[in-house]
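J.: Questions regarding the structure given below will be posed in turn.
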């Protein structure tokens, strides 16, 4: 087993490459799921994961998945259910295997392949909800009325409210 500090640093860089290119962690950090120290937690997570590999012999993929899922839950209040954990765990196990065999050039190539894709960060944008669209329509309607000729319009009174069984009052807009 390769044990020099320099070769161990190569494995650490591999762990960093896997975690920094993982969209779930990117989103958690970018959106503050880990609090104000989210980026520091992500950096700390690299060290914890690489230490986990060195401290445990013959790790199985499900063990790595469980460990990372627990870290994401505890540190970022995030439950990973997008199906990406098996791939992340498999990548880490592959890199650790390369490191243990002393195949550092192959490991460096794997890291370079991952970091080339790093520039393609996940982008998260909120989709407009139905209430947002309705608000926009109402705003446009108001703008049209305000910019039109000054005509006195009378609108019929709103329809009577109906009390529902669950105690909510429903008010419907007549069109």
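Numbering (full-length UniProt numbering), first residue to last: 1 to 175.
Using N, Cα and C, we set each Cβ at its ideal position, and we do this for glycine too.
As the structure is a computational prediction, the values presented were derived from the model and not from experiment.
Mark residue 79 as exposed unless 16 or more other C-beta atoms lie within 10 angstroms of its C-beta, in which case mark it buried.
T.: By the 10 Å Cβ count, residue 79 comes out exposed.
J.: Which same chain residues, not among the five before or five after residue 71, have their C-beta less than 8 Å away from its C-beta?
T.: 45, 48, 49, listed in sequence order.
J.: Just reading off the alpha helix (DSSP H) that residue 8 is part of, what are its end residues?
T.: Residue 8 -> alpha helix (DSSP H) spans 5 to 20.
J.: List in chain order: all unbroken alpha helix (DSSP H) runs of 4+ residues lying wholly within the segment 50 to 115.
T.: Complete alpha helix (DSSP H) runs here, min 4: 61 to 76, 85 to 101.
J.: Using C-beta distances below 6 Å, list every residue in its chain close to residue 89, excluding the 5 sequence neighbours before and after it, in chain order.
T.: Excluding residues within five positions, the ones whose Cβ falls inside 6 Å are 61, 64, 65.
J.: In this structure, how does DSSP classify residue 35 when only helix, strand and coil are distinguished?
T.: Reduced to three states, the DSSP call for residue 35 is helix.
J.: What residue from 52, 38, 113 has the CA that sits closest to residue 76's CA?
T.: Nearest of 52, 38, 113 to residue 76, Cα basis: 38.
J.: Leaving aside the five residues before and after residue 41 along the sequence, list all residues of the same chain whose C-beta is less than 6 Å from its C-beta, in chain order.
T.: Result list for residue 41: 34, 75, in chain order.
J.: Excluding the 5 residues preceding and the 5 following residue 53 in the sequence, name in chain order all residues of the same chain whose CB lies nearer than 6 Å to its CB.
T.: Closer than 6 Å at Cβ, skipping near neighbours: 96.
J.: Output yes or no for whether 7 Å exceeds the beta carbon distance between residue 17 and residue 114.
T.: Yes, the Cβ-Cβ distance between residue 17 and residue 114 is below 7 Å.
J.: Evaluate residue 57 with the Cβ neighbour count: other Cβ atoms within 10 Å of its Cβ, from every protein chain shown; 16 or more gives buried, anything less gives exposed.
T.: Result: exposed.
J.: Return the chain-ordered list of same chain residues with a C-beta closer than 6 Å to the C-beta of residue 152, the five sequence neighbours on each side being excluded.
T.: Residue placement at residue 152 cannot be trusted, given a pLDDT of 48 that sits under 50; what the coordinates show is reported in the next sentence. Around residue 152: no qualifying Cβ.
J.: Looking at residue 107: is its Cβ nearer than 7 Å to the Cβ of residue 10?
T.: It is a contact, given that the beta carbons lie within the stated cut-off.
J.: Output yes if chain C places a C-beta closer than 7 Å to the C-beta of residue 61; else output no.
T.: The structure shown contains no chain C, having only a single protein chain.
J.: Rounded to whole angstroms, what's the CA-CA distance from residue 101 to residue 112? Just pull it up for me.
T.: Spanning the two alpha carbons is a distance of roughly 19 Å.
J.: Taking the alpha-carbon positions, what's the residue 59 to residue 93 distance?
T.: The straight-line gap from Cα to Cα measures roughly 8 Å.
J.: Have a look at residue 69 and residue 85 and give me their C-alpha separation to the nearest angstrom.
T.: Roughly 8 Å separates the two Cα atoms.
J.: Taking only three categories from DSSP, how would you classify residue 48?
T.: Helix at residue 48.
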